[in-house]
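Undergrad:
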Amino acid sequence: MATRRSPVWMYGLVMMLVVGGVALGYLMPERGESEKAADQDRAETATAELSSAASLVEQTADEASATETVVSEDADDSAVSFDLTRLDFRDQIQAPQIASDGGDRVWLAWDSRTGDEEQTLFLSTSVDGGRGFDSPRAIRTASVYRWEVMVRGQPGKRESRLWPQIAWQAGRLLVSWVEPLPDNLATLRLYVSESEDGGATFGEPRVLSSTDAVRPTFVAFHSHADGRIAASWLDNRHRAQQPFAAIVSGQTADESLVFAGQDEKGICPCCNTAVLLADDGSTLVAFRNHKDGFRDMWLAVKPADDSTFLAPVPIAGDRWKFDGCPHDGPSMAIHDGMLHVVWMDAHEGPQRVYHARARLGDWSFDVQPLDAEATGTQGHPTLAIDVAGVLHVAWDESLDPASAESPAAGHRHGPPQGSGRAIVYAVSRDGGQSFAAGRKLAVRPGAFQTRPAVMPLADGSLGFAWNELSDAGKRIVWHRDDAPTAALAVRE
6 MATRRSPVWM YGLVMMLVVG GVALGYLMPE RGESEKAADQ DRAETATAEL SSAASLVEQT
66 ADEASATETV VSEDADDSAV SFDLTRLDFR DQIQAPQIAS DGGDRVWLAW DSRTGDEEQT
126 LFLSTSVDGG RGFDSPRAIR TASVYRWEVM VRGQPGKRES RLWPQIAWQA GRLLVSWVEP
186 LPDNLATLRL YVSESEDGGA TFGEPRVLSS TDAVRPTFVA FHSHADGRIA ASWLDNRHRA
246 QQPFAAIVSG QTADESLVFA GQDEKGICPC CNTAVLLADD GSTLVAFRNH KDGFRDMWLA
306 VKPADDSTFL APVPIAGDRW KFDGCPHDGP SMAIHDGMLH VVWMDAHEGP QRVYHARARL
366 GDWSFDVQPL DAEATGTQGH PTLAIDVAGV LHVAWDESLD PASAESPAAG HRHGPPQGSG
426 RAIVYAVSRD GGQSFAAGRK LAVRPGAFQT RPAVMPLADG SLGFAWNELS DAGKRIVWHR
486 DDAPTAALAV RE
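First residue of the sequence shown? That's 6 in the working numbering, and the numbers climb one at a time after it.
1) Could you name the residues of the same chain whose beta carbon sits closer than 7 Å to that of G436, not counting the 5 residues immediately before and after it, in chain order?
2) Around the Cβ of A51, are there at least 16 other Cβ atoms within 10 angstroms (buried) or fewer (exposed)?
3) Determine the contact status of L375 and H360, defining contact as a CB-CB distance below 8 Å.
4) What are the start and end residues of each continuous beta strand (DSSP E) run of 3 or more residues lying completely inside the region 312 to 344, in chain order?
5) Do you know offhand how far G208's Cα is from A84's?
6) Starting from the Cα of D350, find the closest Cα among R362, K326, G366, A236 and give me that residue.
7) Using a Cβ-Cβ cut-off of 7 Å (strictly less than) and excluding sequence neighbours within five positions of A379, which residues of its own chain qualify?
8) My guess is that L92 and R110 are in contact by the Cβ rule of under 8 Å, so how many angstroms apart are they, rounded?
9) Work out the CA separation of V306 and V212 for me, nearest whole Å.
10) In the DSSP output, which residue or residues are listed as bridge partners for H385?
11) DSSP has V263 in a bridge; who is on the other side?
12) With a cut-off of 8 Å on the beta carbons, I'd call G381 and A407 a contact; round off their distance for me.
13) By the three-class DSSP mapping on this structure, what secondary structure does D240 have?
14) Can you tell me which of G204, E269, H243, F469 puts its alpha carbon nearest to the alpha carbon of A431?
15) Report all residues from its chain with a CB closer than 7 Å to the CB of A265; omit the five preceding and five following residues, and keep chain order.
16) Short of 7 Å in beta carbon distance, which residues of its chain neighbour S411, apart from the five on each side in sequence? Order them along the chain.
17) Check the C-beta distance from L404 over to A427 and give it rounded, since I have them as a contact under 8 Å.
18) Would you list, in sequence order, the uninterrupted beta strand (DSSP E) runs of no fewer than 3 residues that lie entirely inside the region 107 to 159?
19) Whether or not the region 295 to 302 and the region 184 to 194 are in contact is what I'm after, with contact meaning three or more pairs of Cβ atoms, one per stretch, closer than 8 Å; do they touch?
20) Could you give the DSSP three-state label for R293: helix, strand or coil?
21) For E254 and D464, what's the separation of their Cα atoms in angstroms?
22) On the three-state DSSP scale, how would you describe R95?
23) Determine whether the beta carbon atoms of M104 and A175 lie at a separation below 8 Å.
24) Excluding the 5 residues preceding and the 5 following I234 in the sequence, name in chain order all residues of the same chain whose CB lies nearer than 8 Å to its CB.
25) Provide the residue(s) that pair with G271 in DSSP beta bridges, ordered along the chain.
26) Any idea which residues DSSP pairs H227 with across the strands?
27) Helix, strand or coil: how does DSSP classify L446 here?
28) Answer with buried or exposed for L141, where buried requires no fewer than 16 other C-beta atoms within 10 angstroms of its C-beta.
29) Taking 8 Å as the CB-CB limit, is Q256 close to chain D?
30) Would the beta-carbon of P160 be found less than 7 Å away from any heavy atom of the ligand HEM?
31) When you compare only the Cα positions, how much space is there between V318 and A477?
32) Alpha carbon to alpha carbon, what distance is there between T216 and D121?
33) Apart from the five residues on each side of it in sequence, which residues of its chain come closer than 8 Å, Cβ to Cβ, to A309?
34) Can you tell me whether M155 is buried or exposed, with buried defined as 16 or more other CB within 10 angstroms of its CB?
35) Among residues of its own chain, excluding the 5 on either side of S372, which ones have a beta-carbon nearer than 7 Å to its beta-carbon?
So, in structure tokens, the structure goes:
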């Protein structure tokens, strides 16, 4: 199946507008407490500049149908790509998701705008360990809810997202997403559904968020081998963007406020959360706090026998003072009693990816940069640990050198512009004490590769998925990397 392409110059123009819009959204300073609501709403969807860029494509591009999704093999036989629609130019926050059954089956999930009023959750399956994937299937279609906001005194519009997540758990594939109610689009709910036949069919969705939730966003999801599942997200039911978590055990679902924020005014409203279920029955949620102007990573823990989360502790506190929206949250994993967390901050000037580790229950974190010698700006790290305890981290990094501006210069070193952005991979074989130098995976000059996912595969290789925006359009890329020696199983 072939896709008719728009003129290259048009996509180049749109790409410049998109990148400029992202940079503007990242660098825009807040103007005080009166701007909190605007900051929050700005974080929940792409900037107005991105919407304008998407509209330009819709009006002038000679495209195929907006609902067409194409799977194609790249020149690199380790990669597969899935074309997105012209409407997906609006979204610079969502990311593809990966799950594996620890054998030969691998799943990719992502959402796409398949119409002006429609969004679709797609699933593609590999039965040969990620060497090839079937044609994507639409497993959920939902309406788009729009609402009006004021952003720094200017009217704007925001749109709902699906926020898809997938996980494998003891013989079943779990998928979660956010969707408006059909008869009341202003009411959004977080759902989970399970498949016992490898994704061919799914059961009746189950609601994870309570009726009190208001527009759940920045969702994270985790499943444990003992049958528990958990989700974390941000919503503004208390007129402040605060993290919540739902833990499901058997037929019981328990929703809790994770943290009200300083003076109950919420946390950083624009960064994804991360959630983990530990073997001892506790639930861990990591998030970017907003305390006295600092936007650093914190951790909240809900013990197995408690009904509420304990007061959060800093993973790396009071080091990045920044008045803006980084749109970049944490990723974490547990192995052998140690919690590992990765994230981005720019407390030393350039945007850098960091790793922290602590013994469960101790929470005295050892923090280090992942690739301090890198020259580009880094962001959106994601972490996976195989059963041998090998840490695998992927992030996106600019092909151009980072700005040399100091922290005192206002952190105006935002997202890169210029020759592009690539996915970088680093590995630690000593439990996170040290990491090998980062290695770029599939550089495409002029392309902007962002928001990767990483998954150890059964044969010792690694699977990666990311977004890619170039003059050819926007697509989801799957890349299978045979260079690492991962363990021969996947940790649930």
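Built from N, CA and C at the ideal position, the CB exists for glycine as well.
TA: Let's see:
1) By the criterion of a C-beta distance shorter than 7 Å, G436 is surrounded in its chain by M343, G394, once the five residues flanking it on both sides are discounted.
2) Any reading at A51 needs caution, since the residue's pLDDT is 34, under 50, leaving its predicted position unreliable; the model's value is listed next. With 16 or more Cβ atoms within 10 Å of its Cβ, A51 is classed as buried.
3) Taking 8 Å as the Cβ cut-off, L375 and H360 qualify as a contacting pair.
4) The beta strand (DSSP E) runs of length 3 or more contained entirely in the region 312 to 344 are, from start to end of the chain, 336 to 340.
5) So the alpha carbons of these two residues sit roughly 31 Å apart.
6) Considering only alpha carbons, the answer is K326.
7) So the qualifying residues of the chain are E402, G443.
8) Taking 8 Å as the upper bound for CB-CB distance, L92 and R110 are not in contact here, some 30 Å apart.
9) Computed Cα separation, rounded: 23 Å.
10) Answer is none; H385 lacks a bridge partner.
11) Residue pairing by DSSP leaves V263 without any beta bridge partner.
12) Their Cβ separation, rounded to whole angstroms, is 6 Å, which keeps G381 and A407 in contact under 8 Å.
13) D240: strand per DSSP, three-state reduction.
14) Of the candidates G204, E269, H243, F469, the one whose C-alpha sits nearest the C-alpha of A431 is F469.
15) Hits under 7 Å: Q247.
16) Low confidence applies to S411: its pLDDT is 42, below 50, so where it sits in the model is not reliable, and the reading given next is rough at best. Answer for S411: G354, listed in chain order.
17) That pair is a contact at about 6 Å.
18) Those beta strand (DSSP E) runs which fall completely within the region 107 to 159 and span 3+ residues are 111 to 120, 123 to 131, 142 to 148, 151 to 156.
19) Fewer than three beta-carbon pairs drawn from the region 184 to 194 and the region 295 to 302 are found closer than 8 Å, and the two stretches are therefore not classed as touching.
20) Strand.
21) It should be pointed out that residue 254 corresponds to Ser in this sequence rather than to Glu. Going from the Cα of S254 to the Cα of D464 covers about 32 Å.
22) R95 falls in the helix class under three-state DSSP.
23) For the record, residue 104 in the displayed sequence is Ala; it is not Met. No.
24) Excluding sequence neighbours, I234 sits near A172, Q174, L179, V197, F226, H227, S228, I252, V253, L282.
25) G266, per the DSSP bridge assignment.
26) DSSP output for H227 lists A235 as bridge partner(s).
27) Three-state DSSP puts L446 in coil, outside helix and strand.
28) Residue identity check: residue 141 is Pro in the sequence provided, not Leu. By the beta-carbon neighbour count (other beta carbons within 10 angstroms, threshold 16), P141 is buried.
29) Among the chains of the structure shown, chain D does not appear; only one protein chain is present.
30) Among the components of this structure there are no ligands whatsoever, and the ligand HEM is therefore not found.
31) Near 45 Å, if we compare the C-alpha coordinates of A477 and V318.
32) In this structure, the CA atom of D121 is about 27 Å from the CA atom of T216.
33) Answer for A309: D285, G286, S287, listed in chain order.
34) Label assigned to M155: exposed.
35) According to the sequence displayed, residue 372 carries Val and not Ser. Cβ within range, chain order: A321, Y359, A361.
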